[in-house]
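Numbering (this note's numbering), first residue to last: 1 to 549.
A virtual CB, placed ideally from N, CA and C, is assigned to each residue, including glycine.
Here's the structure we're looking at; comments come further down.
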Amino acid sequence: MAHGGGGKSIKQGEAPTLADRLMGPFQRFGRLEAAGGILLLVMAAIAMIWANSPWGHSYHYLWHELKVSISAAEYDAGHDPATDTPSGGSPAAPMSQPGGEASPTHGATPDPTSPPDEAEGAMHLDPAGHAAEPASHAHASNESEKVADVSMSIGHWINDLVMAIFFLLVGLEIKREVVEGELSSPKKAALPVAAALGGMLVPAAIYAAIHWGQPLTIRGWGVPMATDIAFALGVLALLGRRVPEGVRLFLTTLAIADDLGALLVIAIFYTENLDLVSLGIAAIIWAALIVMGMAGFRSITLYMAVGLVLWWFVFHSGIHATIAGVMLALAIPCRPRINARKYLAFTREALDEFEKNVPKTDKGEFKQTTADQQEMVQAVENASVITGSPLHRLEYILAPWVAFAIIPVFALANSGVAIGGSPANATDTVEVEAKIGLAVALGLCFGKPIGVFLFSFLAVKLGLGALPRGVRWGHIHGAGWLAGIGFTMALFIANLAFRGHPLLLDGAKLGILGGSAVAGVIGLIVLVIEGRKSPPSTSGRNVIAGYSN
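Spelled out as structure tokens, the structure:
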């Protein structure tokens with residue numbers, strides 16, 4: 001997803017420690033460009049096997065039925081919860097200790113026999129699949145006032161809260177590309193943006209044509225529009241240097257522009273029942289974040305804390321909660337506090353001072369560093385932090401977590417589809433489910449490559465853009481097929497389009513899995529054939545394409 005640090009390591013040339021040997025295989029896997037895509041594929045396979053195994057019911061129960069509730073309550077000032085009279089009823093009975101005496105609610109030692117989740121503000125799981133009422137809410141509303149009460153399935157928490165971090169990273173990548181990358185120049189951006197536009201419009205048109213006049217199923221038109229950047233670049237990485245660097249750059253920029261389009265689709269077309277009060281508060285918080293950046297605040301912790309509050313109000317506004325991640329990304333500063341010239345001057349001076357004061361033994365060997373030298377090391381470390389912009393630092397921090405934790409968990413929770421899970425007598429439902437899957441698969445398999453190639457061709461012929469150096473139309477053709485791998489974002493949009501309709505959602509998932517697999521295989525074959533026509537790429541390090549060290 002995001003670029004990581006490459007180049008030299010201070011450990012080079014040293015004998016590896018036991019920890020280095022143990023962690024080495026994991027670190028080497030993490031540096032693979034295809035690592036994120038491989039892990040994603042493995043988790044999707046596990047989800048499908050689990051959902052279709054004899055324990056398939058546990059998959060559905062864990063991710064989609066078991067509830068996680070977050071509740072908090074605030075007692076009205078001057079009221080005693082043990083004696084206040086609920087509305088329309090008699091005074092509540094005082095709480096009793098095992099010895100039979102009433103005990104006050106505040107300031108007393110909790111009853112050790114009480115269940116641990118019956119505490120005010122507790123997060124608790126309901127084994128029956130329903131949210132349990134916290135003990136602090138057992139009395140009527142004039143005893144206490146709820147200030148927070150959210151109950152969702154684990155799958156919904158992943159899709160609404162955890163995936164906000166994924167969208168935060170997507171927003172950071174988009175902002176970086178717009179500010180300093182390929183999208184910063186209209187001439188450079190024209191070709192991948194045109195390709196992304198075609199790759200969204202043509203698949204959506206194919207899906208809409210198949211489901212025209214069907215109000216429920218046509219809601220899935222946004223599903224085949226998306227490209228999974230990690231998967232697509234992971235497949236491309238399998239070809240190594242047989243593919244010109246320009247193809248990687250083109251596909252990366254296309255996928256980022258595609259993500260931007262998908263975000264707009266989610267925000268505009270999959271938003272219902274707006275709460276203007278919550279939306280207004282979210283707008284005020286976002287404005288405050290922008291002002292913080294203009295005022296020089298650079299603490300990532302501060303931005304994340306305010307971002308969590310922003311997420312809460314976006315969640316209650318009716319806009320999908322993950323948009324809060326994009327809003328936060330757009331507010332995070334992209335310029336460092338000090339420039340490279342000042343950093344170089346400072347670090348050279350500090351390192352010179354460090355070298356002058358290195359203590360040595362009589363044999364000329366270095367001793368352990370002194371306290372003064374440790375202060376110099378800390379000063380260089382602090383200078384290194386503020387030389388990097390908050391945007392780059394946060395992107396670097398989030399990239400491995402998104403690639404190796406968040407996206408795989410999302411895939412595990414959302415990829416499982418019970419084949420033949422529809423009721424035997426629900427013939428019409430099965431047909432609709434199959435029709436949705438077919439429309440999604442056709443959009444990804446044919447709509448994406450046709451749209452990407454056609455709009456790229458028009459952009460070049462109209463003089464709006466030019467092919468990257470060393471890239472031929474055969475490469476654009478192959479990249480168009482890889483853009484048809486729509487896994488993560490397509491699954492996400494499908495969950496929004498068919499929320500409350502699990503059978504229709506299963507049809508969309510099957511279309512995504514099948515269409516993405518076919519598009520990936522064909523794209524790989526096309527690029528292998530095209531690679532035989534051109535000399536190996538001699539370019540340097542690869543762009544983005546997952547987390548690397």
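Euclidean distance between Cα positions of residue i and residue j
{"i": "Tyr303", "j": "Ala35", "result": "30 Å"}
{"i": "Gly531", "j": "Gly463", "result": "26 Å"}
{"i": "Gly474", "j": "Val409", "result": "35 Å"}
{"i": "Ile323", "j": "Asp160", "result": "9 Å"}
{"i": "Leu550", "j": "Ala226", "result": "This structure gives no information on residue 550, because the portion of the chain shown stretches from 1 to 549."}
{"i": "Ile529", "j": "Leu239", "result": "11 Å"}
{"i": "His320", "j": "Ile266", "result": "7 Å"}
{"i": "Ala237", "j": "Ile38", "result": "11 Å"}
{"i": "Gly354", "j": "Met376", "result": "A quick correction: the sequence has Phe, not Gly, at residue 354. When rounded, the distance between both Cα atoms is 7 Å."}
{"i": "Leu496", "j": "Leu351", "result": "55 Å"}
{"i": "Val42", "j": "Leu513", "result": "13 Å"}
{"i": "Gly171", "j": "Leu328", "result": "8 Å"}
{"i": "Trp401", "j": "Thr252", "result": "20 Å"}
{"i": "Pro224", "j": "Leu458", "result": "22 Å"}
{"i": "Ser389", "j": "Pro333", "result": "7 Å"}
{"i": "Leu263", "j": "Gln374", "result": "46 Å"}
{"i": "Lys533", "j": "Gly480", "result": "19 Å"}
{"i": "Lys67", "j": "Trp55", "result": "19 Å"}
{"i": "Asn425", "j": "Glu431", "result": "With a pLDDT of only 47 at Asn425, under 50, the local geometry of the prediction cannot be trusted, and no value is derived from it."}
{"i": "Ala51", "j": "Tyr59", "result": "6 Å"}
{"i": "Val440", "j": "Pro502", "result": "16 Å"}
{"i": "Ile407", "j": "Gly416", "result": "14 Å"}
{"i": "Leu310", "j": "Ile206", "result": "37 Å"}
{"i": "Glu245", "j": "Gly470", "result": "8 Å"}
{"i": "Gln378", "j": "Ala371", "result": "11 Å"}
Anticipated Cβ contact below 8 Å, residue i with residue j, distance rounded
{"i": "Ile174", "j": "Asp259", "result": "7 Å"}
{"i": "Leu482", "j": "Ala232", "result": "4 Å"}
{"i": "Ser278", "j": "Val150", "result": "Wrong, their Cβ atoms sit about 13 Å apart, outside the cutoff."}
{"i": "Ala190", "j": "Ala257", "result": "The pair is not a contact, with the Cβ atoms about 11 Å apart (cut-off 8 Å)."}
Residue range of the alpha helix (DSSP H) that includes residue i
{"i": "His392", "result": "390-401"}
{"i": "Gln378", "result": "371-387"}
{"i": "Gly198", "result": "186-210"}
{"i": "Pro449", "result": "448-461"}
{"i": "Thr347", "result": "340-356"}
{"i": "Ala43", "result": "At residue 43 the sequence reads Met, which differs from the Ala that was named. 35-51 is the span of the alpha helix (DSSP H), which, as asked, contains Met43."}
{"i": "His487", "result": "His is not the amino acid found at residue 487; the sequence shown has Phe there. Run containing Phe487: 487-497, per the alpha helix (DSSP H) assignment."}
Cβ-based burial, residue i [other Cβ within 10 Å; buried from 16]
{"i": "Met163", "result": "buried"}
{"i": "Ala2", "result": "Confidence in Ala2 is poor, its pLDDT being 44 and thus under 50, which makes the residue's placement too unreliable to answer from."}
{"i": "Leu308", "result": "exposed"}
{"i": "Arg219", "result": "buried"}
{"i": "Met48", "result": "buried"}
{"i": "Leu274", "result": "exposed"}
{"i": "Glu433", "result": "buried"}
{"i": "Trp212", "result": "exposed"}
{"i": "Ser299", "result": "exposed"}
{"i": "Asn382", "result": "exposed"}
{"i": "Pro203", "result": "buried"}
{"i": "Gly280", "result": "exposed"}
{"i": "Ser53", "result": "exposed"}
{"i": "Ala331", "result": "buried"}
{"i": "Ser184", "result": "exposed"}
{"i": "Ile210", "result": "buried"}
{"i": "Val291", "result": "exposed"}
{"i": "Lys356", "result": "exposed"}
Check: residue i C-beta below 6 Å from any heavy atom of the ligand ZN
{"i": "Leu238", "result": "The model depicted lacks the ligand ZN and carries no ligand whatsoever."}
Per the contact definition of three or more C-beta pairs closer than 8 Å, is the region 338-349 in contact with the region 309-318? With the cut-off at 8 Å, the region 309-318 and the region 338-349 do not touch.
So, do the region 508-525 and the region 480-493 have three or more beta carbon pairs nearer to each other than 8 Å? Yes, the region 508-525 is in contact with the region 480-493.
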